[in-house]
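Novice: Structure in C-alpha cells, see below.
Protein chains in written order, with UniProt numbering: chain A, 1 to 253; chain F, 1 to 235.
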C-alpha cells in the first residue's frame, strides 16, 4: 500500500503538486489522467523519488518518509528497488543489447548471477513477445518494441509497483496497441500498476481506480464507473476535449 | 640527390629508434595518466558543491584553468628547470629535482589531462538525462550509473576529440627536446648539427611525425567504427 499525505512540490515559483492526499493499493491498476502540465507526471515521479517533494508524508508499505526531512541514500535505493518505471521515451540503454538491458538491474542491483538473470530476462522478453530480439540493440527495434523491452526491464526487478509515465504517447497507433496489450495482460495478472496516460479508452479498460489531476491538485479520486458515468462539469469538459466525437459534433453544428 | 638519399637512409633508423624509445612511450604513458586525471577532474567539476568538497572543486577548476592558460613549453621549463629552486625546509631541502623523463611525463600528463577533462565533462553532459533516470529507477547507485551506463556512452562521444588530444600530445612531445630528452626531434637536431642539412633533417622528422599521426588517425577511425556499432543498425 502506497500513501501520500499532504504532499507539496514546487518548481521555482510554480506549484506542481498541492496538498496531494491519495493511496494506491496492491494488485490494482490506477490510471492518472489530466491535461498537460497538470502535475500528473510529477506525482508519478515523486513515487520513486525522481522528483523530491518539499513537504508531506509518504508511506510505502512499512517504509515511512517525511519529505520535509533530508532523505538518506539507502531509503532512496530501497524505494527504487521496489518500484519499476517505464518512461515515455523508453530510455533503454543504447550500448547494451536487449537482453542485457533487462539483465542490468538484476545483476548490478540485486546481485543475481548472470545465468539466473539471463533466464529471467529471456522469459520476460518472451512474455512481451520479443524473445527473438534478445541479442539486438535498441536502435534496431521499433518504438513499440523498445517500450516492451522497457516494460520487461522494469519487471525484471520484480517490483512491488510499476510506474508508467505516458508509456504510449510517443508511439504510432499500431505500435501503441502492442504495448497496451502487454499492459492489459499485466493488469489481468493483478500486477500493481500506476499509469499516467492520455488514452481514455485504455483507462476505461484497465483502471481499478482513476485520479484526475489538474493544476497540481487531485480533482477526482475514484472508480472508472464514477469517472465516466457521473463526471463533474470539469471532467465532462475534459472528456469532451479528449474525444473525436466532441470535435465532429461541433463540426456538424 | 644521392647525398640526400644517403642522409635519409642513415638518419631514419636513428629517428625511428628515438621514437620507439622516447616519443611513443612518453606520449602513451602521459596520455593514460592524463585520462585518469581528466575523468576525475571532469567528475569533480560535475558534482554538486557542498561542504569540504567545495575545496576539491575549486582545485579542479584551478588546475584546468592553469594548464590551459599557460604554454606547454613554459610548463616544461618550470617543472624541469624551476622546481629544483623550490626549496622548502624539512620537505624539500634541495628543491624538487626531477629527471627529464619524470619531469616530461608529469608535465605532459597534467597538460593533456586539463584539456581532456573538458572533453570528458562535455561528453558526460551530452548523455540524455533519461539515461540517468532509467538507471536510477532500477535502483542503481550514482557510481554504478556512471560506470555502467554513462561513461561507456560518453567514451564513444569523446573518442574523436580525445583522439585529437592524443595526436596533439604525440607532436608536443617534441618539446621534450628542450629538457634534454633525446626524442625524435632532438635526434634530428643533433644529426643536422653534424651534417649541416637542416632542411632535409627537419623535413624528414616532420614526415616521420606525419606517418606516426596518420597511423593514429586510422586507429581512431577503426575504434569509432567498433564503438558505434550499437548506433547504426546492421541489418
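The beta carbon of each residue, even a glycine, is placed where N, CA and C say it ideally should be.
Excluding sequence positions up to five away, which residues of its chain have a Cβ less than 7 angstroms from the Cβ of residue 53 of chain A?
Specialist: The residues are 7, 8, 9, 17, 46, 67.
Novice: Could you spell out where the beta strand (DSSP E) holding residue 57 of chain A opens and where it closes?
Specialist: Note, residue 57 of chain A: beta strand (DSSP E), 55-60.
Novice: Please confirm whether residue 216 of chain A and residue 35 of chain A have their CB atoms less than 8 angstroms apart.
Specialist: No.
Novice: Whole angstroms are fine: how far does the CA of residue 81 of chain A sit from the CA of residue 139 of chain F?
Specialist: Using only the alpha carbons, I get a separation of about 5 angstroms.
Novice: Whole angstroms are fine: how far does the CA of residue 201 of chain F sit from the CA of residue 192 of chain F?
Specialist: Their Cα atoms are separated by approximately 6 angstroms.
Novice: With which residues is residue 9 of chain A paired in a DSSP beta bridge?
Specialist: Answer by DSSP bridge pairing, in chain order: A:17.
Novice: With a threshold of 16 other CB atoms inside 10 Å of the CB of residue 95 of chain A, please say whether the residue is buried or exposed.
Specialist: Classification for residue 95 of chain A: buried.
Novice: Just the chain F side, please: which residues come within less than 7 angstroms of residue 108 of chain A by C-beta, in chain order?
Specialist: Residues of chain F passing the Cβ test: 140, 144, 148.
Novice: Mind checking residue 11 of chain A: buried by the 16 CB within 10 Å criterion, or exposed?
Specialist: That one is exposed.
Novice: Starting from the beta carbon of residue 136 of chain F, find every residue of chain A whose beta carbon is closer than 7 angstroms, and list them in chain order.
Specialist: Ordered by position in chain A, the residues that pass the 7 angstroms Cβ test against residue 136 of chain F are 50, 80.
Novice: Listing by chain order, which chain F residues have their CB less than 8 angstroms from the CB of residue 342 of chain A?
Specialist: Residue 342 of chain A cannot be examined here, being either before or after the span of chain A that is shown, 1 to 253.
Novice: Give a yes or no on whether the C-beta atoms belonging to residue 155 of chain F and residue 127 of chain F are separated by under 8 angstroms.
Specialist: In this structure, residue 127 of chain F does not lie closer than 8 angstroms to residue 155 of chain F by Cβ.
Novice: Do residue 26 of chain F and residue 78 of chain F have their C-beta atoms closer together than 8 angstroms?
Specialist: For residue 26 of chain F and residue 78 of chain F, no; Cβs fall outside 8 angstroms.
Novice: Which residue spans inside the stretch 55-129 of chain F form an unbroken alpha helix (DSSP H) run of at least 4?
Specialist: Segments of the alpha helix (DSSP H) lying fully in the stretch 55-129 of chain F: 72-77, 100-125.
Novice: List the residues that DSSP assigns as beta-bridge partners of residue 209 of chain A.
Specialist: Paired residue(s): A:30.
Novice: Could you give the distance in angstroms between the alpha-carbon of residue 64 of chain F and the alpha-carbon of residue 114 of chain F?
Specialist: So the two alpha carbons sit approximately 5 angstroms from each other.
Novice: So if I threshold CB-CB distances at 7 angstroms, which residues from the stretch 222-247 of chain A count as touching chain F?
Specialist: Taking 7 angstroms as the Cβ-Cβ cut-off against chain F, none of the residues of the stretch 222-247 of chain A qualify.
Novice: Using a Cβ-Cβ cut-off of 8 angstroms, state whether residue 230 of chain F counts as contacting chain A.
Specialist: Chain A, which has a Cβ nearer than 8 angstroms to the Cβ of residue 230 of chain F, makes this yes.
Novice: With DSSP as the reference, label residue 237 of chain A as helix, strand or coil.
Specialist: Note: residue 237 of chain A maps to helix in three-state DSSP.
Novice: Going straight from the alpha carbon of residue 235 of chain F to that of residue 225 of chain F, what length do you get?
Specialist: Because the pLDDT of residue 235 of chain F is 41, which lies under 50, any placement of that residue in the model is unreliable, and the number read from its coordinates should be weighed accordingly. So the two alpha carbons sit approximately 16 angstroms from each other.
Novice: Give the single residue among A:5, A:189, A:33, A:169 whose Cα lies nearest to the Cα of residue 234 of chain A.
Specialist: Answer by Cα proximity: A:33.
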